[in-house]
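Asker: After the structure tokens below, expect a handful of questions from me.
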Amino acid sequence: MNTRRKGGTLEVRDISKSYGSGRFAKTVVDRCSFTVEDNKLTVMIGPSGSGKSTMMRLLAGFEQPTTGSVLLDGQKVTKPSRDRLVVFQETALYPWMTTYKNVVFGPESQGRAGTKLEKAADALIERVGLGQFRKSYPNQLSGGMQRRAELARALINDPAIMILDEPFRGLDAMTKGLMQEYYARLFENSENTHLFITTDIDEAIFLADRLLIMSNFPLRLREVIDVNLPRPRKLADIVESDVANQLKATALSLLHEEAMKSFTGTHSMSRINNNPGREDSKIGA
Ligand code: ADP
Ligand code: MG
């Protein structure tokens, strides 16, 4: 029996991340604070190049913030750990292993084995729709299937926090929609905390319990929006939902403002040198 409490709360306290020093210092994350709530699916959305993947690396513990801290259930995050797993946009499947072997690789390398693991792996492989492809190698799977295998591979470890960095980027629209529905079902049937990073507003609204709208570069929190749409969700329902469309309009207008700032270059040097510039909307006004 697994007695570990599932899920967890990730707290980001006033973190900044700069690369280089002195005159060459470049601030990528600029005094961000937010909470990734226990058992919820939080979606972080922001323009491309705004610093989201940098934030992901800080949350995962791959890198340390320059100032501020990241806490998991009150404990400071200082290094990568199996309690915070990341699914990247690039495939990380081992090409020489079958779907099944890829899925059980993590637990097996932790010393887990036996019928319980086999059953859990098979159940997950079924849930992501790869039952027929259990013995296939990654190069025999389509792009969408590979992403589903990766979801199964991450979920088998039952991490407190799942962090997904644009995992469906680059898939064609139909495959992407299918993936979003598979992923929503996985989340709805799990008790883990999820942080999903995207630039796609429809994906964000469909998936999110909470939406973190981020600024343009350097990364700051612009707004938090609760998405109180019933679950289980279907893509078709969301398209027709007035609530969803209203939320989308609100989110889009904020994102549009942020995108325009990077487009017109108003972020340029103004905040790079010791100027946190919280009142972003005034810049360039
Ligand atoms: P996003 O994931 O939102 O597209 P990233 O976090 O990948 O954004 O990167 C945002 C910007 O941060 C990059 O364009 C780059 O200018 C800067 N950046 C990221 N990592 C580094 C680094 N190691 N050194 C210097 N600059 C970096
Ligand atoms: Mg990125």
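Its first residue numbered 125, the sequence shown is counted upward by one per residue in my numbering.
Glycine included, C-beta positions come from ideal geometry on N, C-alpha and C.
(1) Please return the same chain residues whose Cβ sits closer than 6 Å to the Cβ of residue 300, not counting the five positions on each side in sequence.
(2) Between residue 290 and ligand 2, is there a pair consisting of the residue's CB and a ligand heavy atom that are separated by less than 7 Å?
(3) Count the other CB atoms within 10 Å of the CB of residue 356; is the residue buried (16 or more) or exposed (fewer)?
(4) In chain order, what residues of the same chain lie with their CB nearer than 7 Å to the CB of residue 140, ignoring the 5 residues before and after it?
(5) In chain order, what are the residue ranges of uninterrupted alpha helix (DSSP H) at least 4 long that sit wholly in the segment 206 to 278?
(6) Just to check, is the beta-carbon of residue 176 closer than 7 Å to a non-hydrogen atom of ligand 1?
(7) In the DSSP assignment, find the alpha helix (DSSP H) that holds residue 363 and state where it starts and stops.
(8) By DSSP, does residue 192 sit in helix, in strand, or in coil?
(9) Within the same chain, show all residues whose beta-carbon is closer than 8 Å to that of residue 222, passing over the 5 residues directly before and after it, in chain order.
(10) Would you say residue 274 and residue 216 are within 8 Å of each other, going by their C-beta atoms?
(11) From the DSSP output, in three-state form, read off residue 323 for me.
(12) Grab the span of the beta strand (DSSP E) containing residue 158 for me, first residue to last.
(13) Kindly examine ligand 1 and report whether one of its heavy atoms sits closer than 7 Å to the Cβ of residue 341.
(14) Does DSSP put residue 142 in a helix, in a strand, or in coil?
(15) Between which two residues does the beta strand (DSSP E) carrying residue 347 extend?
(16) So, helix, strand or coil for residue 399, using DSSP?
(17) Identify the residues that DSSP records as bridge partners of residue 135: which are they?
(18) Got a sec, what are the start and stop residues for the beta strand (DSSP E) residue 78 sits in?
(19) If distances are taken between C-alpha atoms only, which option among 220, 214, 159 comes closest to residue 177?
(20) List the DSSP bridge partners of residue 317.
(21) Just checking residue 143 against ligand 1 - is the residue's beta carbon closer than 7 Å to any of the ligand's heavy atoms?
(22) For residue 201, which beta-bridge partners are listed by DSSP?
(23) Enumerate in chain order the residues of its own chain whose CB-to-CB distance from residue 379 is below 8 Å, with the five nearest sequence positions on each side excluded.
Answerer: Walking through what the data contain:
(1) On the sequence shown, position 176 is the one that residue 300 refers to. The residues are 292.
(2) Locating residue 290 in the sequence shown gives position 166, counting from the first residue. Yes, the Cβ of residue 290 comes within 7 Å of a heavy atom of ligand 2.
(3) Translated into positions along the sequence shown, residue 356 becomes position 232. Result: exposed.
(4) Within the sequence shown, the letter at position 16 stands for residue 140. Only 151, 153, 154, 155, 189, 190, 191, 192 meet the Cβ criterion.
(5) 223 to 233, 239 to 251
(6) Counting from one through the sequence shown, the residue named residue 176 turns up at place 52. Flag set: Cβ of residue 176 near ligand 1.
(7) Translated into the one-based positions of the sequence shown, residue 363 becomes position 239. 359 to 364 is the extent of the alpha helix (DSSP H) around residue 363.
(8) Within the sequence shown, numbered from 1, the residue matching residue 192 stands at position 68. In this structure, residue 192 counts as strand in the three-state DSSP scheme.
(9) Here residue 222 refers to the residue found at position 98 when the sequence shown is read from its first residue. Once the five neighbours on either side are set aside, the close Cβ partners of residue 222 are 258, 259, 260, 261.
(10) Numbered from 1 along the sequence shown, position 150 holds the residue referred to as residue 274. Numbered from 1 along the sequence shown, position 92 holds the residue referred to as residue 216. Going by C-beta atoms, residue 274 is nearer than 8 Å to residue 216.
(11) The residue labelled residue 323 in the question sits at position 199 within the sequence shown. Of the three classes helix, strand and coil, the one that applies to residue 323 here is coil, per DSSP.
(12) As a first step, residue 158 is located in the sequence shown; it is residue number 34 there, counting from the start. That run of the beta strand (DSSP E) goes 150 to 160.
(13) As a position in the sequence shown, residue 341 is number 217, starting the count at 1. At least one heavy atom of ligand 1 is nearer than 7 Å to the Cβ of residue 341, so yes.
(14) Taking the sequence shown and counting its residues from 1, one reaches residue 142 at position 18. DSSP places residue 142 in strand when its eight states are reduced to three.
(15) Working through the sequence shown from its first residue, we reach residue 347 at position 223. Where residue 347 is concerned, the enclosing beta strand (DSSP E) stretches over 345 to 350.
(16) Position 275 of the sequence shown, counting from 1, holds the residue named residue 399. Note that residue 399 has pLDDT 42, beneath the 50 cutoff, so the model's placement of it is unreliable and the number below is only indicative. Coil at residue 399, not helix or strand.
(17) Looking up residue 135 in the sequence shown gives position 11. In DSSP, residue 135 forms a bridge with 159, 195.
(18) Past the boundaries of the shown model lies residue 78; the chain is included only from 125 to 409, so the question cannot be answered.
(19) Taking the sequence shown and counting its residues from 1, one reaches residue 177 at position 53. Answer by Cα proximity: 214.
(20) Walking along the sequence shown from the start, residue 317 turns up at place 193. DSSP, once it has assigned bridges, lists 285 as partnering residue 317.
(21) As a first step, residue 143 must be located in the sequence shown, where it is residue number 19. Yes, ligand 1 has a heavy atom inside 7 Å of this Cβ.
(22) Position 77 of the sequence shown, counting from 1, holds the residue named residue 201. DSSP lists no partner for residue 201.
(23) Numbered from its first residue, the sequence shown carries residue 379 at position 255. Result list for residue 379: 169, 170, 171, 325, 337, in chain order.
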